[in-house]
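Take the numbering used here: the last position of the sequence shown gets the number 993, and nothing is skipped along the way. C-beta atoms are modelled at their ideal positions from N, C-alpha and C, and glycine is treated no differently.
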Amino acid sequence: MAKLFEPIVLRGVTARNRIVISPMCQYSARDGIANEWHLVHLGKFAVGGVGIVFAEATAVVPEGRITHGDLGLWSDAHAQALKPLVAFQKAQGAVPAIQIGHAGRKASMARPWYGNGPLGSADLARGDTPWPIVAPSPEPVGPGWLMPQAMSAAAIAELTRAFAAAAGRADAAGFEALEIHGAHGYLIASFLSPVSNHRNDGYGGDRAGRMRIALEVAAAVRTIWPASKPLFFRISTVDGAEGGWSVEDSVALALELKARGVDVVDCSSGGIAGSATAAGVKRRPGFQVPYAARLKRESGLATMAVGLILDGPQAEAILQAGDADLIAIGREALHDPFWALHAAEALGVGPDFGLWPPQYGWWLERRAATTQR
Ligand SMILES: Cc1cc2nc3c(=O)[nH]c(=O)nc-3n(C[C@H](O)[C@H](O)[C@H](O)COP(=O)(O)O)c2cc1C
Numbered sequence: 621m622a623k624l625f626e627p628i629v630l631r632g633v634t635a636r637n638r639i640v641i642s643p644m645c646q647y648s649a650r651d652g653i654a655n656e657w658h659l660v661h662l663g664k665f666a667v668g669g670v671g672i673v674f675a676e677a678t679a680v681v682p683e684g685r686i687t688h689g690d691l692g693l694w695s696d697a698h699a700q701a702l703k704p705l706v707a708f709q710k711a712q713g714a715v716p717a718i719q720i721g722h723a724g725r726k727a728s729m730a731r732p733w734y735g736n737g738p739l740g741s742a743d744l745a746r747g748d749t750p751w752p753i754v755a756p757s758p759e760p761v762g763p764g765w766l767m768p769q770a771m772s773a774a775a776i777a778e779l780t781r782a783f784a785a786a787a788g789r790a791d792a793a794g795f796e797a798l799e800i801h802g803a804h805g806y807l808i809a810s811f812l813s814p815v816s817n818h819r820n821d822g823y824g825g826d827r828a829g830r831m832r833i834a835l836e837v838a839a840a841v842r843t844i845w846p847a848s849k850p851l852f853f854r855i856s857t858v859d860g861a862e863g864g865w866s867v868e869d870s871v872a873l874a875l876e877l878k879a880r881g882v883d884v885v886d887c888s889s890g891g892i893a894g895s896a897t898a899a900g901v902k903r904r905p906g907f908q909v910p911y912a913a914r915l916k917r918e919s920g921l922a923t924m925a926v927g928l929i930l931d932g933p934q935a936e937a938i939l940q941a942g943d944a945d946l947i948a949i950g951r952e953a954l955h956d957p958f959w960a961l962h963a964a965e966a967l968g969v970g971p972d973f974g975l976w977p978p979q980y981g982w983w984l985e986r987r988a989a990t991t992q993r
């Protein structure tokens with residue numbers, strides 16, 4: 621039996637296998653409300669046999685959206701719109717999960733296909749107007765980007781409450797796993813990193829000060845998010861920038877997150893300067909797996925590996941080496957929504973299309989018999 625297809629128990633939740641759809645923004649919501657695109661986009665991954673499906677970075681307040689098209693969870697109407705998606709995923713045997721976040725100084729951007737940078741005149745003509753943004757320090761991401769306002773301690777406390785309230789709504793919508801987005805240069809990551817945090821109050825300065833907002837958010841979310849449901853936390857394990865956040869910093873953070881009831885650390889990297897995909901870390905298959913391995917070893921937390929994990933055998937090797945507990949798939953799943961079922965085939969699991977939904981599997985079994993050359 622391949623480890624990739626062994627069920628995993630996280631608190632009171634069991635996923636049928638170790639394959640997770642990584643959160644992927646679709647920039648396709650209006651006023652933060654989920655629609656048919658989200659239902660079909662995420663629903664097809666549940667049909668595709670993965671264990672856990674994460675919905676994209678979902679803003680806890682409207683100003684925390686990356687773009688006008690981001691999902692939100694700042695009202696009960698937002699949670700209500702997600703319920704059909706949750707119900708469909710459960711019916712297909714997947715664990716419905718959602719990532720919550722705040723974009724910080726990378727809020728109010730253009731959608732990727734319209735430039736992936738500051739909003740320009742063409743965006744304004746489409747009605748995508750900029751809004752005031754916040755950050756640890758009044759420093760833009762780069763030349764031409766919006767100037768953020770430094771957050772006051774009162775604004776930070778309010779934000780922490782907004783994260784907790786969004787967690788409560790995620791629970792009410794029926795989600796069974798939740799991830800706090802602390803990566804890619806967005807708000808929490810920008811507090812963690814010495815590249816973007818130049819405060820001299822209790823939320824800046826040394827590592828403990830820079831970690832404070834992450835830990836307060838995690839603690840506040842954990843008090844609202846049910847004890848029976850797992851909490852994930854995504855970090856940029858390294859900034860990949862000169863003088864930036866390091867893997868040693870990540871180990872220290874993971875230990876503190878563990879003490880606050882976080883169950884899984886999701887090990888991404890980069891994004892502190894420029895768009896989320898900007899990273900100083902060289903990309904090759906499995907390039908972030910060593911971070912997941914080190915954090916697992918040194919923090920004792922379960923880890924999720926992500927980043928250019930291309931096929932079942934590669935994913936299986938990561939688990940067999942003990943480098944991670946879960947395998948997150950992003951773009952490969954966009955390319956092949958049946959990635960998990962094809963991985964099962966490659967690993968010799970569930971022969972005769974037994975893992976496929978019967979609506980497909982019954983036919984594919986016969987197709988296989990008739991297409992043998
Ligand atoms: C379309 C798209 C949207 C993404 N949106 C998010 C997001 O909402 N939150 C997040 O933490 N990462 C986001 N990412 C990063 C992915 O979750 C993942 O970490 C990254 O794509 C690397 O994995 P891959 O090589 O399997 O694609 C996004 C990536 C893509 C391709």
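Should residue i be labelled buried (16 or more other beta-carbon atoms within 10 Å of its own) or exposed?
i        : result
Trp-865  : buried
His-818  : exposed
Lys-902  : exposed
Thr-749  : exposed
Pro-1048 : The structure shown does not extend to residue 1048, since the chain spans only 621 to 993, so no value can be given for it.
Gln-992  : exposed
Arg-746  : exposed
His-722  : buried
Got a sec? Which residues, its chain only, sit under 7 Å from residue i by beta carbon, not counting five neighbours each side?
i       : result
Ala-838 : Ile-800, Phe-853, Leu-877, Arg-880, Val-882
Val-633 : Val-715, Glu-796, Ala-797, Lys-849, Pro-850
Ala-787 : Ile-720, Leu-798, Val-841, Ile-844, Trp-845
Glu-985 : Asp-972, Phe-973
Phe-674 : Val-640, Ile-641, Ser-642, Pro-643, Ala-717, Ile-718, Gln-719, Glu-799
Lys-664 : Pro-957
Below 9 Å between beta carbons: does that hold for residue i and residue j?
i       : j       : result
Leu-630 : Ala-922 : yes
Trp-694 : Ala-777 : no
Gly-737 : Val-815 : no
Ser-810 : Leu-766 : no
Ser-888 : Gly-927 : yes
Gln-712 : Pro-977 : yes
Gly-724 : Pro-768 : yes
Arg-789 : His-698 : yes
Pro-905 : Gln-934 : yes
Ala-679 : Gly-652 : yes
Glu-936 : Ala-622 : yes
Leu-702 : Ala-782 : no
Ala-775 : Val-754 : yes
Excluding five sequence neighbours on each side, which residues of the same chain lie with their C-beta closer than 6 Å to the C-beta of residue i?
i       : result
Ile-639 : Val-670, Gly-671, Ile-947, Ala-960
Val-885 : Phe-853, Ala-874, Leu-915, Leu-921, Thr-923
Ser-813 : Asp-859, Gly-864, Trp-865, Ile-892
Gly-932 : Ala-963, Ala-966, Leu-967
Gln-709 : Ala-666, Val-673, Pro-716
Glu-918 : Val-871
Of the choices the options, whose alpha-carbon is the least far from that of residue i?
i       : options                            : result
Ala-773 : Gly-740, Pro-760, Pro-756          : Pro-756
Ala-953 : Ala-944, Ala-963, Asp-945          : Ala-963
Leu-650 : Ile-686, Trp-845, Ile-833          : Looking at the sequence shown, residue 650 is not Leu but Arg. Answer by Cα proximity: Ile-686.
Trp-657 : Ile-641, Pro-704, Asn-637, Gly-829 : Pro-704
Pro-732 : Ile-641, Ser-648, Asn-655, Lys-710 : Ser-648
Pro-763 : Ala-775, Trp-751, Gly-747, Lys-726 : Lys-726
Leu-779 : Val-706, Glu-683, Trp-751, Ala-925 : Glu-683
Phe-907 : Gln-940, Arg-917, Ala-925          : Ala-925
Phe-958 : Gly-668, Phe-625, Thr-678          : Gly-668
Ile-628 : Phe-783, Thr-678, Tyr-734, Ala-944 : Ala-944
Once the 5 residues before and after residue i are set aside, which same chain residues still bring their CB inside 8 Å of it?
i       : result
Gly-942 : Ala-913, Lys-916
* Please go through the stretch 785 to 821 and give each complete alpha helix (DSSP H) segment of 4 or more residues, from N-terminal end onward. => 807 to 812
* At 3 residues or longer, and completely inside the stretch 826 to 896: list those beta strand (DSSP E) runs for me, N to C. => 851 to 856, 884 to 888
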